[in-house]
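Down below is the structure, laid out as structure tokens.
Numbering (this note's numbering), first residue to last: 135 to 444.
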């Protein structure tokens with residue numbers, strides 16, 4: 135049985151989003167395809183990123199029914215549909231600015247107090263890291279790791295809460311021999327970028343993707359032939375538009391209004407993993423240098439064994 139394409143085939147540049155296409159198509163669906171559509175629309179975040187078998191089981195239909203729905207919507211298959219759904223949901227990230235304290239305001243009295251709140255916040259952090267890992271673009275990740283390992287010079291830029299992430303990554307990269315600098319100062323950003331040459335790399339970090347100084351610095355770099363990359367929770371943003379490669383933080387937590395803080399924790403974990411991958415890509419010499427640096431820091435920073443506090 136073949137499926138006739140339904141309204142909303144994703145061809146035009148101004149085509150509706152994945153979820154909008156699904157909502158428009160729903161009145162024309164029946165049977166198993168309708169069950170799949172209803173399952174997705176009932177909780178898109180729960181459907182995002184799951185295997186086709188899991189979605190089919192949740193909808194109570196066969197995998198073939200799921201596949202037929204994706205074809206009817208104009209996608210080449212379930213993989214393309216799943217990617218479109220993730221990107222669609224990702225567009226909302228960066229606009230829900232909240233803090234874990236919001237969880238305390240939302241919590242009902244007598245639900246466990248501080249211990250319960252801490253568990254909920256920790257669960258959100260773990261969930262965001264899992265979501266980010268599940269939705270990472272492997273080609274983009276490989277490219278960023280390779281460029282960080284091979285670029286003659288690397289510049290990290292970010293303002294506000296992104297600045298500590300730049301500082302941490304800069305330290306990690308410098309410790310394995312990468313020629314790296316970082317700045318959060320708007321004036322210094324442009325000065326640093328102006329010294330770069332084609333072949334170098336500028337990596338910008340912005341949760342919202344709308345940080346004025348970061349976007350302008352990356353735009354300036356790209357206009358002068360310097361490769362650009364970014365880490366953001368909002369790929370459909372000015373930052374996503376100006377860079378050549380983007381790594382995206384995804385989280386279902388945004389639907390509960392607690393995405394911003396969790397995304398920063400996920401970003402920190404992702405950057406730590408990237409730094410480890412860069413060290414591996416640079417090989418044994420870098421790893422040996424890292425071990426030597428760690429030993430030196432231990433000698434300089436730790437109290438002597440004979441120290442007593444009395």
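Where is the CB? At the ideal position from N, CA and C, for every residue including glycine.
Small disclaimer: the values here were computed from a predicted structure and weren't measured.
Task: Beta-carbon contacts of residue 160 that lie in its chain and below 6 Å, excluding the five residues immediately before and after - done: Here residue 160 refers to the residue found at position 26 when the chain shown is read from its first residue. Taking residue 160 as the centre and dropping the five residues before and after it, the same chain places the C-beta of 171 closer than 6 Å to its C-beta, in chain order.
Open item on the list: Which of the three DSSP states is assigned to residue 283 in this structure?
Closed with: To locate residue 283, count along the chain shown from 1; it is residue 149. Three-state DSSP puts residue 283 in a helix.
TODO: Output the boundary residues of the alpha helix (DSSP H) element that contains residue 292.
DONE: Translated into positions along the chain shown, residue 292 becomes position 158. Residue 292: not part of any alpha helix (DSSP H); DSSP gives it neither H nor E.
Task: Cut-off 6 Å between Cβ atoms - residues of its own chain near residue 338, not counting five sequence neighbours on either side - done: By 1-based counting over the chain shown, the position of residue 338 is 204. Cβ neighbours of residue 338 beyond the five flanking positions: 291, 348, 352, 364.
Open item on the list: On the DSSP letters alone, give me the boundaries of the beta strand (DSSP E) that residue 380 sits inside.
Closed with: Walking along the chain shown from the start, residue 380 turns up at place 246. For residue 380, the enclosing beta strand (DSSP E) starts and ends at 379-382.
Open item on the list: Applying the 10 Å Cβ sphere with the 16-neighbour rule, what's the burial state of residue 321?
Closed with: Residue numbering aside, residue 321 sits at position 187 when the chain shown is read from its first letter. Classification for residue 321: exposed.
- [ ] Would you grab the beta carbon distance between residue 298 and residue 344 for me? Rounded to a whole angstrom, and I think it's under 8 Å.
- [x] As a first step, residue 298 is located in the chain shown; it is residue number 164 there, counting from the start. As a first step, residue 344 is located in the chain shown; it is residue number 210 there, counting from the start. With 8 Å as the limit, residue 298 and residue 344 do not qualify as a contact, their Cβ atoms being about 19 Å apart.
Open item on the list: Is the separation between the beta-carbon of residue 315 and that of residue 289 shorter than 7 Å?
Closed with: Mapped onto the chain shown, residue 315 falls at position 181. Mapped onto the chain shown, residue 289 falls at position 155. Between residue 315 and residue 289, the gap from beta carbon to beta carbon is short of 7 Å.
TODO: Pull up the CB-CB distance for residue 355 and residue 362, whole angstroms please, since I reckon it's below 8 Å.
DONE: Walking along the chain shown from the start, residue 355 turns up at place 221. Walking along the chain shown from the start, residue 362 turns up at place 228. The Cβ separation is near 5 Å, so the contact holds.
- [ ] Report, in whole angstroms, the separation of the C-beta atoms of residue 307 and residue 412, which I expect to be a contact under 8 Å.
- [x] The residue you call residue 307 lines up with position 173 of the chain shown. The residue you call residue 412 lines up with position 278 of the chain shown. Taking C-beta atoms under 8 Å as the contact rule, residue 307 and residue 412 qualify, at a distance of about 7 Å.
Task: Distance, residue 286 Cα to residue 301 Cα - done: The residue given as residue 301 occupies position 167 in the chain shown. The residue given as residue 286 occupies position 152 in the chain shown. Inter-residue distance for residue 301 and residue 286 is about 19 Å (C-alpha atoms, whole angstroms).
- [ ] Could you give the DSSP three-state label for residue 154: helix, strand or coil?
- [x] As a working mapping, residue 154 is identified with position 20 in the chain shown. Three-state DSSP puts residue 154 in a helix.
Open item on the list: Under DSSP, the beta strand (DSSP E) around residue 440 begins and ends at which residues?
Closed with: Locating residue 440 in the chain shown gives position 306, where the first residue counts as 1. Note, residue 440: premise wrong, no beta strand (DSSP E); not H, not E.
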